[in-house]
Structure formats: structure tokens, C-alpha cells
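Participant: Got a structure for you, questions after.
In C-alpha cells form, the structure reads like this:
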């Protein structure tokens, strides 16, 4: 650092120290003069600030000592000792303080005649719910505001302690002072004492009271209590509730179960007068008493109900019946010219996309439930415009069967219709529908279970038990209620008739029984719908005698209802218990399970719909896809851009601009500039309504979401579209659905709003489908971390809101519209997003390309800073370094200045030398920096300790659960080791996984004992990895010479390589450190050891090439070491001399390395032997051979062993040549002159004559064996 800058920084630090010391001295004086008084709350406030000032003082003092040579240790120690005594005194005063009025309402009465101890009266809590405000306000006013013994500061503390959630957030900006209490109380009253909103909230709660599903006294009592609570509140608000009897009776009776409703109608039907609300209330209270008594007497009241619940739902459509759902014009769909132009098959496709009834063309119900008239041509339940001639043939067959039955009543009736229709629903579940004429109905086994959601919340749902499914399924609707995120997958599911469905989402959660302590953690594949209602329609079970004393898993097994969860064969057989009851006169049983007793089987029933739900699924090709993961991988060193990627590059260069502030403005690279997306607002609106339901369940989530959107708008990153322009734009319009993603591991923004540009509009296309993605133009994280281990000084940062600093061209902003409103009673507002949007396909490319443009533009002016911008950014994260503090400060300031010129602000600064950070940077500095490719929490992740300048590994989320292929793979996938430093451990895990594929085990099947033992050993010792602490820097500071040494080796199970850096300085100090490593599992097809050794050499040559190009340093020597003489001989030979496998790999090795740099090493000195065979975690921690390499690498010299050439190498190509003629006109006796021994000449000549004989005669006449005299071979040759 220049002297002037150092002096300026020192002066600034001393001024700050002087101010802090003054503040601390004032606190010292205040405590010394403090006496017991009601000012105890002020003392608490001052104490908190004093502790904060002391921390700041220590930080400033440590920086001054780094910059100044003077020793101020004695003065600092004296000041700290004095101040700690004051802190202790202040805490002692606070702890010993006993106010005269310790609780708001005294536990004892002042009258000495009574000595009764009353319980403490706690303050009510208020979370911002409008329906709770009046009760809270009255209670708090009576207990606190009218208590004259309390000061305003005390009242303020009591008020803040009683507020939660949104209400507490309202007062966060107010400090606790005497004058601010009145302001705070008025703020709350102004915000929540809104009579209109309070009334609206209570009315809404009455309308949304949950229906009573079962004839149960608890649920009925809960309905009555909640209803009366809201009604009393409305009455207290001076509303004429006594005039609302008819309306309230209608609302309340529609919430009742069918049995209770039936009983009420029986009572009121004989009454000529209209019933009153008091009569209904009296009836419900009496019924609660009856049900409670029955429950207490028998304990089986829940099992005796014959019918399920009945509830009414009000469904509204966003379009009126007069508007066409297809073209949005003023006519009905069946009269739409554009719709009628489509083929019948395409009409069916559009109806499914629009989610309309195929019979009446209206939403919110299925055609099987539609009461409108059917097709006029075939009388089936679809609209006439959807009629197909194939239906006539089916109808004709039905008519023929019916006519045949009428002519011959005694003829046997067909048990089922021959037609089979496989219907693939829009959610890719497969339902098989048969039309049949049997009078038997089959009930599938269902159960009511609890399923665990976010934050441990349990939700009741209905599960279907299916032993024919290999997987478990859950609906997306239930997943949204659970507030679980799930993970992305790609699995093909096979259904009936080999129909294939692609599933792209999976979630793991816990199910539990509603009757006992049974719990099980399961993984579910996510579908929008699993099947239709089960059973198809309500079934009369009055003929079924339900045994006494059993607990049914599903009380409403006979009531048609939606299925939320499907439990497959992986868990089905584990649910079964000993116990089965067969029913007389029915082919059905009650089977005992851990979830309760389930009903299954067929029984006579005349009232049924002609439809069957057949459920079967099987995962397809998963084994084959995962086996590909273990095959030999190609290491791609250079990738050429595709035609589309070249177009994106040229499109950016042609269209980017800089506005007057320096910010970039770009255009989105479109495949079709003027594509008509038709109707995309419906999906966006529907998704937003669903989001508002989550807001209602989670006020904190709503508050964070609103804060995000308000910030988005206040920063100018989005702007409102005027109502008259909602649909009148001449440009393409696309509305983006959006949702929130909570990431608790983030140190900046916990909630990120994600915009879904992959959601399809009514045109069948999404915005991302019409956008070009763009090439990957940044360095990969491996290269950045390699350089991260080179520098003396390291600093990191990230760009705040990187995407949102880049504007999108004004004429393309309509492609990024959203809908939003703050409260559900407000009309929806339309907005345009003005900047690059997270979730659109080219967002990453455009953001990185803007950074690269900045680097290119400033290369001549600031070459070092430009190089950092071009090479050391991984998305919005900067990871770079220099060799000196002066260079670090200069480069940091230059990079900051260049980026700020384009509106990019760097934050979250971290460094191993705090002196390079500004004061504002120090406040946000972190001691642990986690390195990740996706910023997600890993089971095992790489971590940099900025204080000690070491790297290590953090371990989390290790759960002891049943060991299956699924759990092993899940654990392996979360291990993040980009440099391969833990290769000896991870290769053992990979080998275990490969054995699992060979065992052909199911996903949730228990693993064999030998795999179980090996995995348990690794898992139990995995905690030892946290003890690994490695120097971040792999070189000696101020090194003068660098060497790169790579080792490779192979075993039958795996092959691997590792690279070490050997550095030395001018004083002769030498250091050797492991830089990186890479491993591969041996292919499933058996290979010879020499081939595996050669594959390891290929891996090493590619990795060394990558390191040399990424490290940006000059290496005095590069050495490749192998303990295989065969592979070394292959490498030093011509690749054309060997068979294809060997030849191709030799050519690749010689392409990326010099054959002269390959040397032999003894097996005992080869550290790659460790990673090729694997090592348990506890043995790796202190293994210096692995972390530092062989001992001779740290010596001043080392010997290179001479490679002995092998004459007969395996896999040598055999050359078949035929010599037709050879003559030498110069010397007829040249052949005889070559030999000086007559015996040798005879033997050579005999072999030559034998060869001539053998190639010119039949194979049966060929001569072999030892040489003998054959007269015919020595016949003189004719001239």
C-alpha cells in the first residue's frame, strides 16, 4: 500500500477509535452514577449499544496495530479491564432489579385478609390478524395502558413483547423511548382498527369455515365454536346480525355432514314458520351432546356412520358463458369458427388444454359429472362437435348386443364391453376406462394418513394402497399445501398398455398413521392428478356389517373422493398386519394394516358408473441410464459453439447499448421475433391465486414476498401497465407466473422470487421455447478454484442483484409481464419487468456477456482488472487474488470502479488479509466462505476459513435411515468435492454404487449385507472429514520455481490420477502439496489391468492439460508418473502399431502431453494407488503421503528411473504382408555372403524353402515341426 494511503487510513481509524472511546466513557459515567430507579430499561438499552461499541473498538484497534509499529498493548489492556468491570456492574444491577409491579396484575391481593396466590396473568399476543385486533386492543388497554404504575418505556416493552409477525415488523423502525410509545400505539390503531377490513375478515372466515366431514362431536363442536366466535365479533361491531338468520342458517347447514343435515331437515320440515338461528344452534349443541355420549359409551361412533360427508363448493369462472374459451371472442365455443376448423382429434387436445368439460364446454367439472345433454349422434357423454365415427361403431356394437338380448332373453349377457379406451390425462397419469354391464363393484383400498410438511406441519390426506405400483406418487396440489420444494429428476413411468409418462419432480417426506405411532419416510413422484375419484361414485354399504371394535383406516371408504397420495409396492407389503375378516355374501374383506383396517374387494351394487380405475406404474430405463454414469467419460478440453450459440454472440454484439448512466441495455435473442403466444395470462392468474392461498397460510412468507416486489418496483426494475394497455399492445405479450423460493443458507436474501418462463400459454409454447439459450462463456469453477490456491492474497465478493442491473429493450418488455396485488380484495395489477429476469433462458449468457464486454473495453486502460473480470467471475461471484497487498488493493479498486460504471455493485467482501477491505466491507465480512456450484447446502461441502486461510469440509444433513440404493445415491449426489481432494473416500462410495447396479436392486430395497457393512463403516467415519484442514495456498510465498508432478494408477475396481505442485524459493525451501485429483470407476465390462492403467494415463494427461492452462503460471518442469511399464512403453511408441482401443488412447495422451515427460515410479511411491483403491475417512485425515506426495518430492533432488523398453507389447497390431517377388540384379550371391557359418546358412535356406512350399500347396500338405531332409525341396531350380 502506498505511504500516503496508509497514513490516510490510519488517520481515519484513529478518529473512529476516538469517537468509540468517547461513547464508551459516557456509558462508564452513566453506570457509575446510576441508582435504583425505573430507568432500568434505559440501562438495558445503553448496555446493548455499549457492547456493540466495544466490539467495534476492538476491531479498529487491531487494524491500527497492523498499520502502526507502536506497541499500545498496555493501554488497550488497561482500558478493556476498566470497561469490563463497568459491564459486569451494569449486568449485576439489571439482574438484581426487582420492580414493584413484576407482573401487570399482581399475584396477590393487597388486602391482608386474603392470602390466596393467583396465577400470573399473561399478556395477549397479536400477529396482525384483523379478526384478533379488537380483543387484543381491549385487553392490552385494560392491563397496560390503564395501569398508572407503568412508565411509557415499560408500556412500550410490554407492547413489543406482545406483538408477533407482521404487527411486530410494523414497529421495528421505532426505538424504545418515552415519546415513541404513543406513536407506536397510534400506528397500530391506524393500521388495524379498520372496521371495514375487520368485518370483511370475519365474514370471510364464516364463509370459509371447514366442512364437517365425519359425524363426529369434535369437528361439529369446532364448527359451532368458530361460527359463534366470528358472529359475536360482528355483533360487537354493531352489525344487525339478528336480521341475518336465513342467510346464516344456509351457510351453516351447508357445512354440516349429511347425517346431521338430514336430522335437522326432519325437525324443521314440520315447522310452518321459518327456522331461526337460535333453534339451529340449540339443535347443534344437543347433537354434540348426543354424539359425545355415544362416543363415550361405545368408542365406535366414528365406525357406525353409513355415509360420508357432503359439502358444497362454489365454482366461478374467469370467463362468462358468452365468451369463447378458445379465441376469447363474443360467442360460444361450439360456434367458434377457428375451433371448428380443427380436426376432431385436435379439438379433443384443445379441450384438455383448456381444462373444460368435454360435454358442455364449461370449466370446473368433468364430463362424467355433467348434467347437460349428450352427443346427438352416439348419445355418449361428449359434445356433438367432438363426435368421431369410431364412436358410431362402438355404439352400433352396443345396440346389436342390446337387440340380441331382447330377441333372446335367455342368452348370456356379455360381462363387459369389448372396447377399451386408454385415456392419458393432461398430467400424464394413465387411466384405463372400460364400459361394462356387470352388477359387481370393486372398491380399492384407501386410508386417511398424516403427511409431514414444512416446519413439521401435519396435514391429513387420502391415500390409495396399490401393490401394483413400483413407485409412490403425490399430487402437486397436496405438495403445494405441504410447502415442500422437492428436487428435479427425470424418470420414465410405464402405465397400462405400456404408456410412458415423464416425471420431473420428486419429494421425500414422512407419512404417519392417524391411529398409532407408525411413521415411515418415503420418496414420492409428483403428478398433477393420480387418478379419478375413488370409488367412482358413492356406494351404499348398508348391506355391509362393519365389525365392532375395529378402527377403519378410511372412515369414508365408500364415499367418492379425490386421491392425494398413492402408496406403492415398496411400502404396501410392510403395511400389512396379521388380521383379516371375510364378509358373508360379498367377495370382500377387511384387512388389518398399520394404518388401520382397510376394505377391499367386490360386492353387489346396482348404482355405479361404467368406469374402472386401473393403476399400475413401473420405472423404465432407470437402471440403464444410471449404468451409463459409470462408463468411461470423455474429458472435453475444447467445445466449439453451435450455430445457435454463434447467433447469440453476434446478436449481442449488434444490439447491446449503454444508457447515459453506463448501464447495459440488451435484447433477448428470439427464435421468432413476432410469435403470437395467444393467452398466457390465465396460467399466470391461476398460479397467483394459488400463491395468495399460501400467503394466507404463512403471513411471514407474504411479508417477505411483498417486500421483494415493492423493492423491485421502487428500484425501477418493473413498472405498472396502464389498464387500457393490458391487451392492446401491438407486440408479443407473455405473462410470467412467479413463486417464491426460500433459501435459509443465504446471507443476503432469504427469499428469491422466481419467474417461470417455461410455463406454456394456450398456444402450446412457452417463452423459453422461443428464446435462444446462448453459449457458456465463463471459466468453470474448477479452473477458478485452481487459481484460488495459487495467490498469496485472496479476496471474494458478489454482485448485488446482477441480472437486475441490465435493462431489456423497451419493445421486448411486454414479454416479461406479471400480475400482482398486495391484498386479495384488490383488483389484479399488470406489470412489465424492465430488466433481465431470473428464469428466462438467455439470462445467464446475457449477464456474463455484459461482464465480458466490460473486461474487453477496459483491457488497455486496466489490464489486470480486466483480466479478473474476464476470468475470475463464476456467475455473480468473484474469486480472485494477487501476490501483494498493494496489488490487491489496486486491482480491487479498479474492478470496483469498472463495474460501478455499469451499475454493478460488489458486496459481501471477504479476504484472508482484512487490511485490503474498506470499513463498509468489514461489517459484512464472514469467517467461513462456502464454495459451491449452485449455492445450495451440501451434505459435504468445500469451505474456506478466511481467518486461518485454510480449506476444509463442512458436513451436514447426515441422517441415519434405512440403507437402500436411493439413500446411498442421495448422499453421494450431495457430496461436493470439485478438486477431488477427498477422492480416496468418494471412490469407495462410487464402487459401492456400481455394485448396487450389478445387484439389480430396487430403489427402496434393503442392500446385501456386505454392502450394508461397508456403507455403514464409511458413514460412521464420515464425520472425521471435518477434521481435515489444508493450507489454502499450495505454493511457497514468493516462490522462484514451480514444478508439476502428476501420478496415475489403476486397480480392478477403479483408475485415478492426482497432481502435486512442487515449489521452491531462493533460500532453498521446498514445498509439495496436493493440488487436485480425479477418479473413475472401472467400466462394467471387464478390462485388463494394462488397459485400465492406460485409461488412468489418459485421465492424467487431460487433467494436467486443464491445470496447466488454468493455473496461469510458468512451470519449470512437468512430469507424468506411472508404475505400469506396459502403459509407459505404449505411450512412448507409435500409436499406429497397436489395436484400436490402445491406439486411440495413445494418440490422445500424445496430443495433450509430451511422451518424453512420462517416467516410471515405484508402486510404493505412487500416491495415486491410494485413490484407485480407496481409503476410509479416518485413515485419510493424517495421511501425509496423500496430502504431500512421496518424500523425494520434498527433497532437493530426485532420481528418474530409466524405462526398459519392452519388445513384445500386448495389443500390437499384426501386419499381414505377402511378398510377390524380390530380385537383386546387382549381386546374385548376396544371400550367401550374409552368413559365415554353413550350418546357419543351411537352416535359413531350409526355412525359406519350407515357406515357399507351404504358401503354394494345400493346407493338408503343409510342412511343420523340426527341420528334416525332404528331397523334393532341394530339387535344383530351373532357369
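Numbering (this note's numbering), first residue to last: 626 to 1904.
For glycine and all other residues, C-beta sits at the position ideal for the given N, C-alpha and C.
On a predicted model such as this, the values are computed, not experimentally measured, just so you know.
1. Within the chosen definition, does the stretch 1511-1529 reach the stretch 1472-1488 through at least 3 CB pairs nearer than 8 angstroms?
2. Flag this pair as yes or no: are the beta carbons of residue 1700 and residue 1414 separated by less than 8 angstroms?
3. Have a look at residue 1377 and residue 1428 and give me their C-alpha separation to the nearest angstrom.
4. To the nearest angstrom, report how far apart residue 1323 and residue 1686 are at their CA atoms.
5. How big is the Cα-Cα spacing for residue 1877 and residue 1871?
6. With distances taken between CB atoms, is the gap from residue 1290 to residue 1281 smaller than 8 angstroms?
7. Spatial neighbours of residue 1097 within its chain, please: C-beta separation below 6 angstroms, excluding the five flanking residues on both sides.
8. According to DSSP, simplified to helix, strand and coil, what is residue 1332?
9. Can you tell me which of 1278, 1321, 1386 puts its alpha carbon nearest to the alpha carbon of residue 1306?
10. Are residue 1220 and residue 1201 close, meaning C-beta to C-beta below 8 angstroms?
11. Could you check the C-alpha separation between residue 845 and residue 1163 for me, to the nearest Å?
12. From residue 1381 to residue 1304, what distance separates their C-alpha atoms?
13. Using 8 angstroms as the threshold, is the stretch 1714-1722 in touch with the stretch 1765-1784, meaning 3 or more CB pairs across them?
14. Relative to the C-alpha of residue 1832, which candidate in 1890, 1186, 1757 has its C-alpha closest?
15. Quickly, what does DSSP pair residue 1087 with across the bridge? List them, please.
16. Kindly give me the distance between the Cβ atoms of residue 1567 and residue 1597, rounded to whole angstroms, as I take these residues to be in contact under 8 angstroms.
17. According to DSSP, which residues form a beta bridge with residue 679?
18. Threshold first: 4 residues or longer. Then list the alpha helix (DSSP H) segments lying entirely within the stretch 1593-1671, N to C.
19. In terms of alpha-carbon separation, which member of 1420, 1514, 1451 lies closest to residue 1572?
20. Okay, do the stretch 1743-1756 and the stretch 1782-1792 touch, 3+ Cβ pairs below 8 angstroms being the bar?
21. Please work out which residues of its chain come closer than 6 angstroms, Cβ to Cβ, to residue 1070, disregarding the five sequence neighbours upstream and downstream, and give them in chain order.
22. Considering only DSSP beta bridges, list what residue 1130 is partnered with.
23. Judging by CA-CA distance, which residue of 1587, 1797, 1507, 1518 is the nearest neighbour of residue 1614?
24. Do we get a CB-CB distance below 8 angstroms when we pair residue 985 with the residues of chain B?
25. Helix, strand or coil, according to DSSP, for residue 1804 in the structure here?
26. Could you name the residues that DSSP lists as bridge partners for residue 1365?
27. Would you call the stretch 1625-1639 and the stretch 1387-1398 touching, i.e. three or more CB-CB distances under 8 angstroms?
28. Could you give the first and the last residue of the continuous alpha helix (DSSP H) run that contains residue 1383?
29. Per DSSP, residue 1289 forms a beta bridge with which residues?
30. Would you mind giving the Cβ-Cβ distance between residue 1409 and residue 1541, rounded to the nearest angstrom? I have them listed as a contact below 8 angstroms.
31. Going by beta carbon distance, what residues of the same chain come within less than 6 angstroms of residue 855, once the five residues before and after it are set aside?
32. Have a look at residue 836 and residue 800 and give me their C-alpha separation to the nearest angstrom.
33. Mind checking whether residue 1738 and residue 1667 have CB atoms under 8 angstroms apart?
34. Taking buried to mean at least 16 other C-beta atoms within 10 Å of its own C-beta, is residue 1884 buried or exposed?
35. I believe residue 812 touches residue 796 by the beta-carbon criterion, under 8 angstroms. Please report the beta-carbon distance rounded to the nearest angstrom.
36. Let's see if you can read the secondary structure: which residues bound the alpha helix (DSSP H) around residue 1506?
Facilitator: In this structure, then:
1. With contact defined as three or more Cβ pairs closer than 8 angstroms, the stretch 1511-1529 and the stretch 1472-1488 are in contact.
2. In this structure, residue 1414 lies closer than 8 angstroms to residue 1700 by Cβ.
3. Their Cα atoms are separated by approximately 13 angstroms.
4. Whole-angstrom Cα-Cα distance: 53 angstroms.
5. Answer to the nearest angstrom: the Cα atoms are 10 angstroms apart.
6. Yes, Cβ-Cβ distance for residue 1290 and residue 1281 is below 8 angstroms.
7. Taking C-beta separations shorter than 6 angstroms and ignoring five residues to either side along the sequence, the partners of residue 1097 in its chain run 1147, 1149, 1192, 1193, following chain order.
8. Helix at residue 1332.
9. Cα-wise, what sits closest to residue 1306 is 1386.
10. No, the pair does not count as a contact, with Cβ atoms beyond the cut-off.
11. Between the alpha carbons of residue 845 and residue 1163 lies a distance of about 23 angstroms.
12. Here the C-alpha atom of residue 1381 lies approximately 15 angstroms from the C-alpha atom of residue 1304.
13. Segments in contact, yes.
14. Ranking 1890, 1186, 1757 by Cα distance to residue 1832 puts 1757 first.
15. Note: residue 1087 sits in a beta bridge opposite 1073.
16. Rounded, the Cβ-Cβ distance is 16 angstroms, inconsistent with contact.
17. As DSSP reads the structure, residue 679 sits in no beta bridge.
18. The qualifying runs are 1608-1624, 1634-1646.
19. Nearest C-alpha to residue 1572: 1420.
20. A contact exists between the stretch 1743-1756 and the stretch 1782-1792.
21. Cβ neighbours of residue 1070 beyond the five flanking positions: 1090, 1223, 1225.
22. Residue 1130 pairs with 1113.
23. The alpha carbon of residue 1614 has as its nearest neighbour, out of 1587, 1797, 1507, 1518, the alpha carbon of 1797.
24. Chain labels in this structure do not include chain B; a single protein chain is all it has.
25. DSSP places residue 1804 in helix when its eight states are reduced to three.
26. DSSP, once it has assigned bridges, lists 1378 as partnering residue 1365.
27. No, the stretch 1625-1639 does not touch the stretch 1387-1398.
28. Note, residue 1383: premise wrong, no alpha helix (DSSP H); not H, not E.
29. Per the DSSP secondary-structure output, residue 1289 pairs in a beta bridge with 1283.
30. About 19 angstroms; that fails the 8 angstroms criterion.
31. Within the same chain, residue 855 has close Cβ partners 827, 830, 831.
32. If I take the Cα positions, the gap works out to 46 angstroms.
33. Their beta carbons are under 8 angstroms apart, which means residue 1738 touches residue 1667 by this criterion.
34. By the neighbour-count rule (16 or more Cβ atoms within 10 Å), residue 1884 is not buried but exposed.
35. With a Cβ gap of about 7 angstroms, residue 812 and residue 796 count as contacting.
36. Following the DSSP letters along the chain, one finds residue 1506 in no alpha helix (DSSP H) but inside the beta strand (DSSP E) bounded by residues 1502-1507.
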